[in-house]
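**Student:** What follows is a single structure, and I will ask about it in a moment.
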Amino acid sequence: MADPWHDLARIRLVVPSTLGTNRNQDTRYLDAEIKSLEAVLSQARHLRNARNFFVSLPEELLLDIMLLHRDIAPANSRSLPARNKRCWHCDSSQLWTSIAGVCRRFRDVARAPLLYTSMSDNNLPPELMERILARSRIQGTPLTLELGDCAYMGHTNSAIGLLKHIMAYHASRVRTLNLYDHHRREIFAEGKVVQQVLWPILGSSSSLKSLSIHNYVKPQNLAIQSSGGPVIEPLDASGRPFRNWKPPPSLESLELTITPFAWECPIYNNLVNLTLRRVRVVPLVLVGLLSRMGRLEHLVLDKVDARDDSHDVHFFAERARAWDPPPSLKTLYVGTYANSMADNLLPFMRPSTSISYTFDTLATRSREVEHTMTFLLASHFSKPNGDENCVMSLPPVFSVQFSLTVVRRQLSSGDNNIVHTEISFDRKMDQFGAPGLVLKHAYSTEELDGDGRQYPPSDWLLGNLCKGKLPGSFPCFDSVSELSLDHCDFSYKPAEWAGVFKLFPSLTTLRVSEDTLANILPGTGMMQNRSPVLPTIQTLHVLPSQQYGFKSSRRTVDTLLDWLLGRKLRGHPLKDVRVPSALAAEMAAGYTGMKWKALLEKSS
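Rendered as structure tokens:
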């Protein structure tokens, strides 16, 4: 079968030359044909690429894919012989750089500076890192480096080694430095990181913005002991402390795991962000440290052990309440796996209109969780003139958002479902603003109470959080007008939901996801003293479900319509109901005679 494109080209290119045209006319004609054919080919390539979804992806996604392919370390990267290879992979064709050879578009994307300014020696071999650094040096772009053991343990064919190469040619360009002992070989105990990396970069001419040190192991001759545990101390190559050492004024963010700098070290004074993880600190020392940080905006205390046997909790609570947070402080995060570790940290979370607090606990004992959260909620959301320890008059809480997610794990002993909960309380009417207080905790669904019965989620969470505790210590939610319930994977009984809604007598707006609608509505339809639950509710927002392909059943649609009709007949019609388009179509199809919006209150 003859090629029609070949025949057409033969006619268009050969026939004009036989019509008696001169050479210049033929040239102009051929030039026009070339442009026309190039346009046809360009359109054909576009149509062909449109059939390949990967090629048609936006450049931002292509760049993310290249970064993921570059930063994935194979399973054998932990073995030392693999580090001497040219690449972690057994075949050089697996290199992420080979993607750039596919087409011009991929080549242009591969030239993005992000590929050459952010890297880790845990994922990239030293030779490739040196090539990347050399390319980024030409552009003078800032660097984000994560250095583990490979950078300074000699696993490179370079004459001076990767670490010395970075210190000699790129130290002034490092903006973010993350030191991480990935393989827990106690490599930091040799002091090489402190001597060869940290202090050269932290010189007076440094432009370092962010520093993270993880899994630092205390060397016996290079660190000192304090009352709070081992610390990192500025030392020179001979192991002697630096005299009059000052950290770079550019350093704004510091993250430390297990081992901190000495608490009197001036490296803390000018910080904007401070993160301490699994650190032990004396409570009074922590108060003094925070008092020196006048620029602090974000503070993270994750699994920090602030217990002190020399003083009781009340003694330290008074000192913590006397701490005046800087006006710049925006967020404070406290994470703990035992509530006893958080007793000395909770006094820092005083009620405020400018600071967003997050308390995250992994404790799974119901009594500890209820006691800690009830105390924290009562201190932030007490009744007017009901808290003698209230330091300032604050606006009442405006909205509450409750989220619950079940993580199912298969263990040797059987199924063990872990429930993650999150409750956000906000004093502001801005739905997209930072919440005033966020409570997070997790528990196992297999835990049993004192009578050997399983705790239902409502006994742990919003509805019965304050049940059975000391009188006068309950939080007050009378002013809450908005309630959001998301991702509730459990099925509650209507009475349990009714108990939840009792906490919010002034609720006017209820937001629920579509997949929880059938479980929540029966609780709102219960009667109390011949009046429905939530008599003040005016607006219902049904948000689309995050379950892929979710569609409400016919029973759910009928339940929603019956609920709207029942409220209208009892004299409590809703003013506004917002539902996803698919659910609205189901409601329109199921309510014959008149539109379902007739069940709402008529606007004046």
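Start counting the sequence shown at 590; every next residue gets the next number (the numbering used here). Idealized CB from N, CA, C, for every residue including glycine.
Have a look at aspartate 1104 and phenylalanine 905 and give me their C-alpha separation to the nearest angstrom.
**Tutor:** In a straight line, the C-alpha of aspartate 1104 is about 46 Å away from that of phenylalanine 905.
**Student:** Within 10 angstroms of the Cβ of arginine 1167, are there 16 or more other Cβ atoms? Answer buried if so, exposed if not.
**Tutor:** Exposed is the call here.
**Student:** Can you have a look at phenylalanine 642 and say buried or exposed, based on whether 16 or more other CB atoms are within 10 angstroms of its CB?
**Tutor:** Per the 10 Å Cβ criterion, exposed.
**Student:** Looking only at its chain, what residues have a beta carbon closer than 6 Å to the beta carbon of serine 1013, apart from the 5 residues adjacent to it on each side?
**Tutor:** So the list reads Gln990, Pro1024 and Val1027, once near-sequence residues are dropped.
**Student:** From the DSSP output, in three-state form, read off histidine 969 for me.
**Tutor:** Three-state result, histidine 969: helix.
**Student:** For leucine 751 versus alanine 701, is the C-beta distance shorter than 8 Å?
**Tutor:** The answer is no: Cβ separation not under 8 Å.
**Student:** According to DSSP, which residues form a beta bridge with glycine 883?
**Tutor:** According to DSSP, which records beta bridges pairwise, glycine 883 is partnered with nothing at all.
**Student:** Can you have a look at glutamate 1190 and say buried or exposed, based on whether 16 or more other CB atoms are within 10 angstroms of its CB?
**Tutor:** Glutamate 1190 should be labelled exposed.
**Student:** Assuming glutamate 1085 is part of the beta strand (DSSP E), what are its boundary residues?
**Tutor:** Unbroken run through glutamate 1085 is the alpha helix (DSSP H), 1083–1090; no beta strand (DSSP E).
**Student:** Beta-carbon separation of threonine 1098 and serine 1068 under 8 Å?
**Tutor:** In this structure, serine 1068 does not lie closer than 8 Å to threonine 1098 by Cβ.
**Student:** Round the Cβ separation of isoleucine 856 and leucine 843 to the nearest angstrom and send it over; I've been treating them as touching at under 8 Å.
**Tutor:** Right, their Cβ atoms sit about 7 Å apart.
**Student:** Taking DSSP as the reference, what is the three-state secondary structure of valine 923?
**Tutor:** Note: valine 923 maps to strand in three-state DSSP.
**Student:** Rounded to the nearest angstrom, how far is the Cβ of valine 868 from that of proline 849, given a contact under 8 Å?
**Tutor:** Yes, valine 868 and proline 849 are in contact; Cβ-Cβ is about 5 Å, under 8 Å.
**Student:** Would you call the CB atoms of valine 1131 and proline 1169 closer than 8 Å?
**Tutor:** The answer is yes: Cβ separation under 8 Å.
**Student:** Does the beta-carbon of alanine 633 have 16 or more other beta-carbons within 10 angstroms, so that it is buried, or is it exposed?
**Tutor:** By the neighbour-count rule (16 or more Cβ atoms within 10 Å), alanine 633 is not buried but exposed.
**Student:** Kindly identify the DSSP beta-bridge partner or partners of alanine 1031.
**Tutor:** According to DSSP, alanine 1031 bridges with His1009.
**Student:** What do you get for aspartate 710, buried or exposed, if any count of 16 or more other CB atoms within 10 angstroms of its CB means buried?
**Tutor:** Its Cβ being crowded by 16 or more others within 10 Å, aspartate 710 is buried.
**Student:** Could you pull the start and end residues of the beta strand (DSSP E) that tyrosine 769 belongs to?
**Tutor:** Its beta strand (DSSP E) spans residues 763–769.
**Student:** How long is the line joining the alpha carbons of isoleucine 623 and arginine 659, rounded to whole angstroms?
**Tutor:** Whole-angstrom Cα-Cα distance: 41 Å.
**Student:** So, with DSSP's three-state summary, where would you put glutamine 614?
**Tutor:** If DSSP states are grouped into helix, strand and coil, glutamine 614 belongs with the helices.
**Student:** Can you give me the C-alpha to C-alpha distance between arginine 762 and serine 707, rounded to a whole angstrom?
**Tutor:** Near 12 Å, if we compare the C-alpha coordinates of serine 707 and arginine 762.
**Student:** Shortest alpha-carbon distance to proline 984 belongs to which of Val1089, Lys919, Ser943 and Met882?
**Tutor:** Here the closest residue by C-alpha is Ser943.
**Student:** From the DSSP secondary-structure annotation, give me the bridge partner or partners of methionine 708.
**Tutor:** For methionine 708, which the question treats as bridged, DSSP gives the partners Leu734.
**Student:** Could you give the first and the last residue of the continuous beta strand (DSSP E) run that contains glutamate 1071?
**Tutor:** That run of the beta strand (DSSP E) goes 1071–1075.
**Student:** On the DSSP bridge list, what partners appear for leucine 1129?
**Tutor:** Answer is Leu1099 and Val1166.
**Student:** Assign serine 801 to one of three DSSP states: helix, strand, or coil.
**Tutor:** Strand, per DSSP.
**Student:** Please classify isoleucine 755: does DSSP put it in a helix, a strand, or coil?
**Tutor:** Note: isoleucine 755 maps to helix in three-state DSSP.
**Student:** Check the DSSP bridge columns for glutamate 844 and list the partner residues they point to.
**Tutor:** Ser801 and Thr864.
**Student:** As a quick exercise: from Thr1128, Gly1138, Thr1145 and Ala1173, pick the residue whose alpha carbon is nearest that of arginine 1156.
**Tutor:** With distances taken between Cα atoms, arginine 1156 lies closest to Thr1128.
**Student:** Can you tell me where the beta strand (DSSP E) holding serine 945 begins and where it ends?
**Tutor:** Taken as a continuous stretch (DSSP letters only), the beta strand (DSSP E) holding serine 945 covers 945–950.
**Student:** In this structure, does DSSP put proline 702 in helix, strand or coil?
**Tutor:** Three-state DSSP puts proline 702 in coil, outside helix and strand.
**Student:** Just tell me which of Thr947, Ile727 and Met655 has its CA closest to the CA of phenylalanine 695.
**Tutor:** Selected option, being the one with the closest Cα: Met655.
**Student:** Taking the C-alpha atoms as reference points, what is the distance between glutamine 1136 and leucine 1110?
**Tutor:** If I take the Cα positions, the gap works out to 19 Å.
**Student:** In terms of residue numbering, what span does the alpha helix (DSSP H) encompassing glutamine 728 cover?
**Tutor:** Here the alpha helix (DSSP H) through glutamine 728 covers 715–728.
**Student:** Taking the straight line between their C-alpha atoms, what separation do you get for glutamine 728 and aspartate 949?
**Tutor:** Their Cα atoms are separated by approximately 43 Å.
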